[in-house]
Every structure is written in structure tokens, then in C-alpha cells.
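Numbering (my numbering), first residue to last: -4 to 124.
Below is one structure, written out as C-alpha cells; comments come after it.
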């Protein structure tokens, strides 16, 4: 097998994804492996795109945001527009994540206060012996 292409099994092992995941991204036209009969061969382009897809999903980007960002490379022929779009999405997502963290920090503080109050009132169940 040429190092320029990888089989679906190699992709799954390398990127810790399932064949179903790869077929899903192919169906969504995010990946375009070479088809040889029923065999899928993933190119370097596919591998780069998968790495970006997985990173985008880890950061909470929608598949549509990821698609639009990936397509900028093809449509505009380079990284500049793609990087600009990725930066804009990252700034927006970071603000969303920080807002979620602030809400979560507040909820945690409130829950801790409730637990301390319950402990102070002796409402905590006794541990079984």
C-alpha cells in the first residue's frame, strides 16, 4: 500500500474512529476517498481534513461550520481564508465556552452552599457501618 493513501482500517487505527464515522463524513462530503470497487482509499488530503474535523468537533464546532471552513481552502485555493474563518469561529466558540464555564462555576458554588447548609442542619444521612 502506498504511503499516499490509507485504507479505512488504517484510518480507523490512526485516528481512533470507527468505519461508520468515516462513512458518515464521506456521506456529508467532508471526505472524498478514492473508490476502487468497494474499497475506500483515503488520500493525504482526506487525512488532513479528518484531523481538522476531529479537532473542530472536539472544540464543539458544528459540522456545517467545519464544512464551510474546509471548503474555503478548496474554493479560495489556500490557507489564508481558511485560517481567518477558523480564527473567527474559534473566538466565537471560546466566548461561548467561557460563558458556559461561568454558568457552571455559579451552579457548582450554589450546590456546594446547599450541601454545606444541609450538613450544618444535620440533614446528611449517616454512613452505613
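Every residue, glycine too, gets a C-beta built ideally from N, C-alpha and C.
Please read these numbers as outputs of a predicted model, since none were measured by experiment.
Spatial distance of residue i from residue j (CA atoms)
i           : j           : result
residue 43  : residue 101 : 39 Å
residue 68  : residue 112 : 56 Å
residue 121 : residue 99  : 29 Å
residue 97  : residue 56  : 20 Å
residue 94  : residue 110 : 24 Å
residue 9   : residue 118 : 52 Å
residue 20  : residue 51  : 13 Å
residue 34  : residue 40  : 17 Å
residue 7   : residue 86  : 30 Å
residue 108 : residue -2  : 58 Å
Contacts around residue i, its chain only, beta-carbon distance under 7 Å, and the 5 residues preceding and following it disregarded
i          : result
residue 64 : 77, 80, 81, 84
residue 0  : 29, 36, 37, 38
Those residues which DSSP pairs with residue i across a bridge
i          : result
residue 36 : 2, 29
Anticipated Cβ contact below 8 Å, residue i with residue j, distance rounded
i           : j          : result
residue 58  : residue 23 : 6 Å
residue 142 : residue 37 : Since the first residue shown for the chain is -4 and the last is 124, residue 142 is missing from the structure and cannot be characterised.
Residue i at chain D interface by Cβ criterion, 8 Å
i           : result
residue 111 : Of the protein chains in this structure there is only one, and it is not chain D.
Under the three-state DSSP convention, the category residue i falls into
i           : result
residue 101 : helix
residue 118 : coil
residue 52  : helix
residue 24  : coil
residue 14  : helix
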